[in-house]
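These notes concern the structure reproduced below.
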Amino acid sequence: METKTSLMTVALDATDLLNMLRQRHAQAKRVCVALSREPLVAASVTHTRATYETEAYGQEKAKLRRAA
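In our numbering, the protein residues as written are 3 to 70.
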């Protein structure tokens with residue numbers, strides 16, 4: 003009987019942990035969405051994306067020059 007009680011306790015603890023993780027995940031998603039709506043963050047993300055795309059274009063262009 004004691005083993006059964008211990009297993010039930012572990013199962014309940016695991017369920018509580020899983021629920022807590024789900025709540026934290028949902029909260030983190032809400033924060034990310036809210037941040038993405040901020041003009042400064044959106045501008046920063048756009049600038050970073052443009053920088054990476056420019057660098058990738060430059061690297062691809064250099065590869066083509068070397069291959070030619």
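C-beta atoms are modelled at their ideal positions from N, C-alpha and C, and glycine is treated no differently.
Going by DSSP, what residue range makes up the alpha helix (DSSP H) through A70?
First-last for A70: undefined, no H or E at that position.
If you measure between the beta carbons of S38 and A44, is that distance less than 8 Å?
Contact: yes.
With DSSP collapsed to three states, give me the class of R39.
In the structure shown, R39 sits in coil (DSSP, three-state: anything other than H, G, I, E or B).
Express the C-alpha separation of H49 and Y59 in angstroms, rounding to a whole number.
If you take the alpha carbons of Y59 and H49, they lie about 15 Å apart.
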